[in-house]
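Data block below; observations after.
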Amino acid sequence: MATKVRTRPEESGPADIFYNETEANKYLHSSRMIEVQTSMAERAVEMLCLPEDTPCLLLDVGCGTGLSGEVLEEEGHAWMGCDISRDMLGVAQQREVEGELIHSDMGTGLPFRQGAFDGAISISAIQWLCYSNDEGNPRLRLHRFFQSLYRVLRRGARAVLQFYPQNAEQLQLITASAMRAGFGGGLVIDFPHSTKAKKYFLVLLAGPPDAGFSMPTALGESDAMSVGGASSAASGLGGGAADAGASSSVRNDGRKRHARRAMGSREKSRHGKIAKKSREWIALKKEAARRHGKEVTHDSKYSGRKRSKVSF
Numbered sequence: 001m002a003t004k005v006r007t008r009p010e011e012s013g014p015a016d017i018f019y020n021e022t023e024a025n026k027y028l029h030s031s032r033m034i035e036v037q038t039s040m041a042e043r044a045v046e047m048l049c050l051p052e053d054t055p056c057l058l059l060d061v062g063c064g065t066g067l068s069g070e071v072l073e074e075e076g077h078a079w080m081g082c083d084i085s086r087d088m089l090g091v092a093q094q095r096e097v098e099g100e101l102i103h104s105d106m107g108t109g110l111p112f113r114q115g116a117f118d119g120a121i122s123i124s125a126i127q128w129l130c131y132s133n134d135e136g137n138p139r140l141r142l143h144r145f146f147q148s149l150y151r152v153l154r155r156g157a158r159a160v161l162q163f164y165p166q167n168a169e170q171l172q173l174i175t176a177s178a179m180r181a182g183f184g185g186g187l188v189i190d191f192p193h194s195t196k197a198k199k200y201f202l203v204l205l206a207g208p209p210d211a212g213f214s215m216p217t218a219l220g221e222s223d224a225m226s227v228g229g230a231s232s233a234a235s236g237l238g239g240g241a242a243d244a245g246a247s248s249s250v251r252n253d254g255r256k257r258h259a260r261r262a263m264g265s266r267e268k269s270r271h272g273k274i275a276k277k278s279r280e281w282i283a284l285k286k287e288a289a290r291r292h293g294k295e296v297t298h299d300s301k302y303s304g305r306k307r308s309k310v311s312f
């Protein structure tokens with residue numbers, strides 16, 4: 001009996017058609033999908049290396065139903081999200097997420113002003129740009145996306161993009177496009193020898209790295225690992241971008257030790273942060289909005305208090 005080959009979602013058609021109402025509702029009811037999405041978002045935020053106790057305005061590219069945006073909220077940050085699927089955004093609205101949602105195709109460029117964001121994440125989205133399921137050319141769509149991402153990030157900000165490349169050619173195509181847009185950074189592969197747990201993260205820096213810049217350490221088993229042909233935006237970090245033919249070195253030191261450390265930091269972020277909807281949490285959100293030119297209501301003695309319901 002022949003083995004059935006599983007088709008990748010990206011091969012079934014455009015993302016806005018694949019992520020229809022039926023697919024979007026899975027993100028409401030599947031505990032496994034919610035767990036995986038949340039875990040990857042937590043890892044991405046960890047690698048953004050944001051300043052502690054400072055509210056930032058972050059972008060979630062391919063935000064879907066807002067699961068990764070909720071992770072940003074829990075960390076005390078304001079966020080905006082864009083997605084090509086109206087059905088996914090509809091579920092996000094149904095879940096009453098805090099972020100501002102925009103219907104937009106990342107392959108045509110991100111519709112935000114220059115330097116608007118302090119960082120960006122993307123979970124399981126950018127590999128869709130490698131498929132010409134409509135009239136768009138993959139190279140052109142990747143070029144538009146990375147150019148616009150570089151533009152909307154403030155200089156020195158990071159973007160962490162988790163994705164599922166189908167092969168080495170796609171990996172090279174994505175990283176080369178990031179390099180041509182001006183990004184520095186590199187590729188981090190968590191658990192590279194595990195078929196199920198392996199995760200690819202493109203960690204990008206908008207502009208020249210400062211003296212304190214360093215690539216995150218990957219979670220994995222081996223002492224060292226070389227990723228050949230996938231390093232266009234990973235090597236030669238001193239100048240902010242690398243030669244297209246160089247290879248990136250991705251360190252992997254001790255799966256158990258780093259997994260425990262990552263888990264510990266996540267527990268701390270969950271239990272050591274300011275309580276959501278508290279007076280302090282609201283003040284941080286307002287401050288982030290003010291820093292980005294938004295009109296914000298003045299604080300009062302009623303800020304953060306529950307309003308009593310009055311019947312007439």
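Residue 289 in full-length UniProt numbering is what sits at position 289 of the sequence shown, and the numbering runs on without skipping anything. All C-beta atoms in this analysis are idealised placements derived from N, C-alpha and C, irrespective of residue type, glycine included.
Practice task
Give a yes or no on contact between the region 67 to 78 and the region 41 to 52, applying the rule of three or more CB pairs nearer than 8 Å.
Solution key: yes
Exercise for the section: May I have the straight-line CA-CA distance separating Q127 from T38, to the nearest angstrom? Expected result: On the sequence shown, position 127 is the one that residue 127 refers to. On the sequence shown, position 38 is the one that residue 38 refers to. Put simply, the backbone Cα of Q127 is about 19 Å away from that of T38.
Handout entry: S232, buried or exposed, once every other Cβ within 10 Å from all chains shown has been counted against 16
Key = Reading the sequence shown from its first residue, position 232 is the one you call residue 232. The predicted position of S232 is uncertain, since its pLDDT is 32 and thus under 50; a value taken from the coordinates is nonetheless stated next. Buried, because 16 or more other Cβ atoms sit within 10 Å of the Cβ of S232.
Handout entry: Whole-Å CB distance - I121 paired with L204, under 8 Å assumed
Key = By 1-based counting over the sequence shown, the position of residue 121 is 121. By 1-based counting over the sequence shown, the position of residue 204 is 204. Their Cβ separation, rounded to whole angstroms, is 11 Å, which puts I121 and L204 out of contact at 8 Å.
Practice task
Return the first residue and the last residue of the alpha helix (DSSP H) that R180 is part of.
Solution key: Position 180 of the sequence shown, counting from 1, holds the residue named residue 180. Per DSSP, R180 belongs to the alpha helix (DSSP H) from 168 to 180.
Handout entry: Coarse secondary structure for G90, derived from DSSP in three states
Key = Here residue 90 refers to the residue found at position 90 of the sequence shown. Looking at G90 - three-state DSSP - the assignment turns out to be helix.
Problem - DSSP-derived helix/strand/coil call for H103 - result: The residue you call residue 103 lines up with position 103 of the sequence shown. H103: strand per DSSP, three-state reduction.
Problem - Q93 burial status per 10 Å Cβ neighbour count (16 or more: buried) - result: Here residue 93 corresponds to residue number 93 of the sequence shown, with the count starting at 1. With fewer than 16 other Cβ atoms within 10 Å, it is exposed.
Practice task
Measure the alpha-carbon distance for A125 versus A283 and round it to whole angstroms.
Solution key: Start at 1 with the first residue of the sequence shown, and residue 125 comes out as number 125. Start at 1 with the first residue of the sequence shown, and residue 283 comes out as number 283. Whole-angstrom Cα-Cα distance: 32 Å.
Exercise for the section: Kindly identify the DSSP beta-bridge partner or partners of K122. Expected result: The residue you call residue 122 lines up with position 122 of the sequence shown. Lys is not the amino acid found at residue 122; the sequence shown has Ser there. BP columns for S122 point to V61, L161.
Problem - G207 (DSSP reduced to helix, strand or coil) - result: Translated into positions along the sequence shown, residue 207 becomes position 207. Looking at G207 - three-state DSSP - the assignment turns out to be coil, as it is neither helix nor strand.
Handout entry: Where the beta strand (DSSP E) containing I84 begins and where it ends
Key = Along the sequence shown, one-based indexing puts residue 84 at 84. Element bounds for I84: n/a, residue is neither H nor E.
Problem - Straight-line Cα distance separating L173 from E75 - result: Within the sequence shown, numbered from 1, the residue matching residue 75 stands at position 75. Within the sequence shown, numbered from 1, the residue matching residue 173 stands at position 173. Taking the straight line from one Cα to the other gives about 33 Å.
Handout entry: Classification of S214 by the beta-carbon crowding that lies within 10 angstroms, buried from 16 upward
Key = Walking along the sequence shown from the start, residue 214 turns up at place 214. So S214 counts as exposed.
Problem - Per-residue DSSP class, three states only, for V188 - result: As a working mapping, residue 188 is identified with position 188 in the sequence shown. In the structure shown, V188 sits in a strand (DSSP, three-state: E or B).
Exercise for the section: Return yes when the Cβ of C82 is within less than 8 Å of the Cβ of L57, no when it is not. Expected result: Reading the sequence shown from its first residue, position 57 is the one you call residue 57. Reading the sequence shown from its first residue, position 82 is the one you call residue 82. Taking 8 Å as the Cβ cut-off, L57 and C82 do not qualify as a contacting pair.
Exercise for the section: Return the residue from the list I17, P55, E21, G184 that minimises the CA-CA distance to D87. Expected result: Position 87 of the sequence shown, counting from 1, holds the residue named residue 87. Of the candidates I17, P55, E21, G184, the one whose C-alpha sits nearest the C-alpha of D87 is E21.
Handout entry: Proximity of K198 and I189 at Cβ, strictly below 8 Å
Key = Here the question's residue 198 lines up with position 198 in the sequence shown. Here the question's residue 189 lines up with position 189 in the sequence shown. Yes, Cβ-Cβ distance for K198 and I189 is below 8 Å.
Handout entry: Selected residue, minimal CA-CA separation from G115, among Q147, E169, Y200, S194
Key = What you label residue 115 is simply residue 115 of the sequence shown in a count that begins at 1. Ranking Q147, E169, Y200, S194 by Cα distance to G115 puts Q147 first.
Exercise for the section: Check whether the Cβ of R113 lies closer than 8 Å to any Cβ atom in chain B. Expected result: Among the protein chains of the structure shown there is no chain B, as only one such chain exists.
Exercise for the section: Report the three-state DSSP secondary structure of R8 (helix, strand or coil). Expected result: Position 8 of the sequence shown, counted from the first residue, corresponds to residue 8. Of the three classes helix, strand and coil, the one that applies to R8 here is coil, per DSSP.
Practice task
Identify, in the order they occur along the chain, each residue of the same chain with its Cβ nearer than 7 Å to the Cβ of P9, setting aside the five sequence neighbours on each side.
Solution key: As a first step, residue 9 must be located in the sequence shown, where it is residue number 9. Take P9, set aside five residues on each side of it, and the residues of its chain with a beta-carbon closer than 7 Å to its own are F18, in chain order.
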